[in-house]
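Notes to accompany the following structure.
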Amino acid sequence: MENNIVEKTTELLIQESTSKAVSYTEYRTLVKQLAEKGKSTGPEQTEALTNYTQLNDRRMKRWDKTLKFSEEALEKISKIDSKITWLVLTESWCGDASPALPVMHKITQLNPNISLKIILRDENVDLMNRFLTNGGMSIPKLIAIDDATKEVIGGWGPRSKAATQLVEDYKEQHGTLTAEFKQDLQVWYNKDKGQSVLEDLLASLPLK
Numbered sequence: 188m189e190n191n192i193v194e195k196t197t198e199l200l201i202q203e204s205t206s207k208a209v210s211y212t213e214y215r216t217l218v219k220q221l222a223e224k225g226k227s228t229g230p231e232q233t234e235a236l237t238n239y240t241q242l243n244d245r246r247m248k249r250w251d252k253t254l255k256f257s258e259e260a261l262e263k264i265s266k267i268d269s270k271i272t273w274l275v276l277t278e279s280w281c282g283d284a285s286p287a288l289p290v291m292h293k294i295t296q297l298n299p300n301i302s303l304k305i306i307l308r309d310e311n312v313d314l315m316n317r318f319l320t321n322g323g324m325s326i327p328k329l330i331a332i333d334d335a336t337k338e339v340i341g342g343w344g345p346r347s348k349a350a351t352q353l354v355e356d357y358k359e360q361h362g363t364l365t366a367e368f369k370q371d372l373q374v375w376y377n378k379d380k381g382q383s384v385l386e387d388l389l390a391s392l393p394l395k
């Protein structure tokens, strides 16, 4: 029998995923509740994923309180006058998401022309497969959409360029990422104070 299944367009997948997306505030509430219950997002429930979720809940809480932008960054953000949606695929256990999502949220707070919507990767695999990083389902993954045309105008993730370089250099030397390196990367994120993510995101925006 001939297979008449028509593959959905990326635009349709984005539309469907956006309709079930949550705000940053709703996502933070979800992660907090899961952390308190000893659970995580996604079908797989393990002690490790629970621990990562609890760590990320604490990290995002800290980032939300301490994140600061320079006057130059604030000026650039204020000049964005086109309506843009940032649709972000992530999961509660994702260590690279905890320093990135608060930066995205703060930008959207400063300029209402940009809206942040969050969806879970494992509930949106078809869309995730359209935005792979080196063939992998790496998260967080930001998809930038022009609200007027519904076109994808950019993307970001799973890490800043600076953090990606650290990861690639380590892989080249050691072959794989160890638990110790992942811990060191979180220390680097703390020292960086979200500035590398901010720099990347500002570079991707349609600034005048």
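One rule links them: number in my numbering = place in the sequence shown (from 1) + 187.
Positions of the beta carbon are idealized from the N, C-alpha and C atoms, including for glycine.
Item, Value
"Where do the ends of the beta strand (DSSP E) carrying residue 329 lie?", "328 to 333"
"Counting C-beta neighbours from all protein chains within 10 Å, is the total for residue 327 16 or more, i.e. buried, or is it exposed?", "buried"
"On the premise that residue 279 lies in contact with residue 227, defined as a C-beta separation below 8 angstroms, what is that separation, rounded to the nearest angstrom?", "5 angstroms"
"Roughly how many angstroms separate the alpha carbons of residue 283 and residue 218, rounded to a whole number?", "15 angstroms"
"Have a look at residue 199 and residue 295 and give me their C-alpha separation to the nearest angstrom.", "24 angstroms"
"Which residue wins for smallest C-alpha separation from residue 351, given the options 368, 341, 255, 336?", "368"
"Sorted by chain position, which residues of the same chain lie with C-beta nearer than 6 angstroms to residue 393's C-beta, five sequence neighbours on each side aside?", "269"
"Is the segment 235 to 242 touching the segment 348 to 363 in the sense that three or more CB pairs, one from each, lie closer than 8 angstroms?", "no"
"To test your reading of the DSSP string, which unbroken beta strand (DSSP E) runs of 3 or more residues are found completely within the segment 310 to 361?", "328 to 333, 339 to 343"
"Assuming residue 272 is part of the alpha helix (DSSP H), what are its boundary residues?", "Here residue 272 belongs to no alpha helix (DSSP H); instead the beta strand (DSSP E) covers 271 to 277."
"Would you tell me roughly how many angstroms separate the C-alpha atoms of residue 213 and residue 223, rounded to the nearest one?", "15 angstroms"
"Does residue 346 pass the burial test, meaning 16 or more other C-beta atoms within 10 Å, or should it be called exposed?", "buried"
"Straight-line CA distance for residue 314 to residue 373?", "28 angstroms"
"Using the three-state DSSP reduction, which class does residue 193 fall into: helix, strand or coil?", "coil"
"May I have the straight-line CA-CA distance separating residue 386 from residue 310, to the nearest angstrom?", "30 angstroms"
"Relative to the C-alpha of residue 349, which residue among 381, 194, 291 is closest?", "381"
"Would residue 306 and residue 390 qualify as a contact pair, given that the criterion is a beta-carbon distance under 8 angstroms?", "no"
"Check residue 385 in the structure and name its three-state DSSP category.", "helix"
"Tell me the DSSP bridge mates of residue 304?", "274"
"Output yes or no for whether 8 angstroms exceeds the beta carbon distance between residue 254 and residue 293.", "yes"
"Can you give the Cα-Cα distance for residue 300 and residue 231, rounded to whole angstroms?", "36 angstroms"
"Straight-line CA distance for residue 244 to residue 215?", "8 angstroms"
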